[in-house]
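Residue numbers (the numbering used here), protein chains in the order written: chain A, 1 to 252; chain B, 1 to 281.
Structure first, then comments.
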């Protein structure tokens, strides 16, 4: 399996406080990689370095390299806008725009000028909603407000919105942490489904979730990558004592 | 133990009842105050109100007269002031909240706050020196500019506050789709804050509709219908001032009627904007 993203010697700082220490990690194409670890261990920060979302924080600074398809995204002159189109993101709290369901999905298509015509736009919106397993639930009310959807539906709408711009990688920051078990199950099924076409990186607090959806798991603690390996191995026979302690619930 | 618990509970209930009544009485007072003012103006003003009064220009005492030209002047100057003031104010507010976390933004914020606190008559004097003197005469344009100077800082600050209320997660959501910063500000953040911004704009417009002092030096007044911004222009407020300070009872009655029209207009602006900006999503 080819590597989609390679991170090497990545250090990350908020002002003077170091949040990530010397992280080196390869994320293979079209697999699901889960990041686990206790709160504040830097897994979300790390996820956000992969589409340079941390750029919005003025005091944040990264050094080291993150290459996606062989290109260092921290090289000077990198087009962050193009990067984010290629590396989509789904957030912990669903964050639909104050627009209709249709317009939420259409937004990314429009701003990136992906569609060739009005009917192409409609088609793309429909496809994205299908892919996010939401179409059947919203097809009769595309023009009503996105805020009228349930929490789980809103989150799938956000996934649809991310899919609509045809990314290659999807970053998910605890996408199901605010959802009930049934909605969570739908999101998990979706992640497994999406793996066929996308490289997925998912941050989760839920150990079972990591074991159910991911091919590989990375365990972080205090800004350091403790262990990274195939999920089954991480959960059955981890190399590190810390990993075992965390997974078996001795702390965290 | 049980008895202490009950007495504590009773005390809390009592305090709660007292506080609830106190605040609701105050709320009633506020509402009453407004109703009283409007009611008083209506009673005093309604007798002189007629279609003719709304159309006529001021005439010598005893020959009737009205506020037609004053209405036109007020509408024109408020509109023109809004055309200048709202875009500048809103854009400045967008800058302050979305980009202005630096020394430049801090200065802008401070200046806007100071401007809001400046008495409006000083704005009038400023425009008098800056516009009226070079032009050689008072004009609707000068009046509009004075009103715009009042509108801009109010709208800038309310826009900034409203935009700050837009959750950051919404911005991130748009950025993560590959939207450039300006597009996020323009078609996600601004619409999300639209109803709040409109309320701020409405307040600013309502405020300048009631301004007299800055117009006295700048637009002056006119006894005729005037549709040209480069000429002295009448306004409701200045006309009310003139009628109210006149020596005759008929004039005072007309001042009341004009006041009624002004208050009604401000009320209508309020209601209109509120319906227009009702949250759709």
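Positions of the beta carbon are idealized from the N, C-alpha and C atoms, including for glycine.
| Asked | Found |
| --- | --- |
| Same chain, Cβ closer than 7 Å to residue 174/A, neighbours up to 5 away in sequence not counted | 92, 203, 204 and 205 |
| Sheet register partners of residue 225/A (DSSP bridge) | 220/A |
| Residue 69/B beta carbon less than 8 Å from that of residue 234/B | yes |
| Chain B residues whose Cβ lies nearer than 8 Å to that of residue 56/A | 171, 172 and 175 |
| Proximal chain A residues relative to residue 192/B, where beta-carbon distance stays under 7 Å | 98 |
| Interface flag, residue 4/A vs chain B, CB-CB below 8 Å | no |
| Residue environment, residue 152/A, which counts as buried when at least 16 other CB atoms sit within 10 Å | buried |
| Residue 83/A versus residue 154/A - alpha carbon distance | 25 Å |
| Beta-carbon proximity check, residue 105/A vs residue 160/A, cutoff 8 Å | yes |
| Selected residue, minimal CA-CA separation from residue 198/A, among 207/A, 170/A and 157/A | 170/A |
| Beta-carbon proximity check, residue 118/A vs residue 107/A, cutoff 8 Å | no |
| Counted within 10 angstroms of its Cβ, other Cβ atoms place residue 6/B as buried (16 or more) or exposed | exposed |
| Nearest to residue 274/B (by Cα), restricted to the options 258/B, 202/B, 213/B and 179/B | 202/B |
| Within chain B, partners of residue 82/A - CB distance below 9 Å | 178 |
| Cβ-Cβ separation, residue 147/B to residue 211/B (assumed contact under 8 Å), whole Å | 6 Å |
| Residue 139/A burial status per 10 Å Cβ neighbour count (16 or more: buried) | exposed |
| Beta strand (DSSP E) segment containing residue 274/B, residue limits | Segment 249-276 is the alpha helix (DSSP H) holding residue 274/B; no beta strand (DSSP E) there. |
| Nearest candidate by alpha-carbon position, reference residue 74/A, set 89/A, 59/A, 81/A and 52/A | 52/A |
| Per-residue burial, residue 201/A [other beta carbons within 10 Å of its own, 16 or more giving buried] | buried |
| Residue 230/B burial status per 10 Å Cβ neighbour count (16 or more: buried) | exposed |
| contact_flag[the segment 138-153 of chain B, the segment 174-181 of chain B] where n(CB pairs < 8 Å) is 3 or more | no |
| Min CB distance residue 12/B to chain A below 8 Å | no |
| Runs of alpha helix (DSSP H) wholly within the segment 102-139 of chain B (minimum 4 residues, chain order) | 103-117 and 120-127 |
| Rounded separation between residue 168/A and residue 12/B - CA only | 60 Å |
| Simplified DSSP assignment, three categories, for residue 131/A | helix |
| Neighbourhood of residue 162/A by C-beta distance below 8 Å, restricted to the same chain and skipping five residues each side | 88, 89, 90, 108 and 170 |
| Beta-carbon proximity check, residue 218/A vs residue 25/A, cutoff 8 Å | yes |
| 7 Å Cβ shell around residue 21/A - same chain, five flanking residues per side excluded | 11, 223 and 224 |
| Buried versus exposed, by CB contacts within 10 Å (16 or more), residue 238/A | buried |
| Whole-Å CB distance - residue 216/B paired with residue 238/B, under 8 Å assumed | 6 Å |
| Close beta carbons around residue 97/B, own chain, < 7 Å, minus the five adjacent residues each side | 160, 163 and 164 |
| Spatial distance of residue 20/B from residue 38/B (CA atoms) | 27 Å |
| Beta carbon proximity, residue 203/A to chain B, threshold 8 Å | no |
| Residues sharing a beta bridge with residue 88/B, DSSP | In DSSP, residue 88/B forms no bridge with anything. |
| Residues from the segment 232-246 of chain A in contact with chain B, defined by Cβ distance under 8 Å | none |
| Buried versus exposed, by CB contacts within 10 Å (16 or more), residue 124/A | buried |
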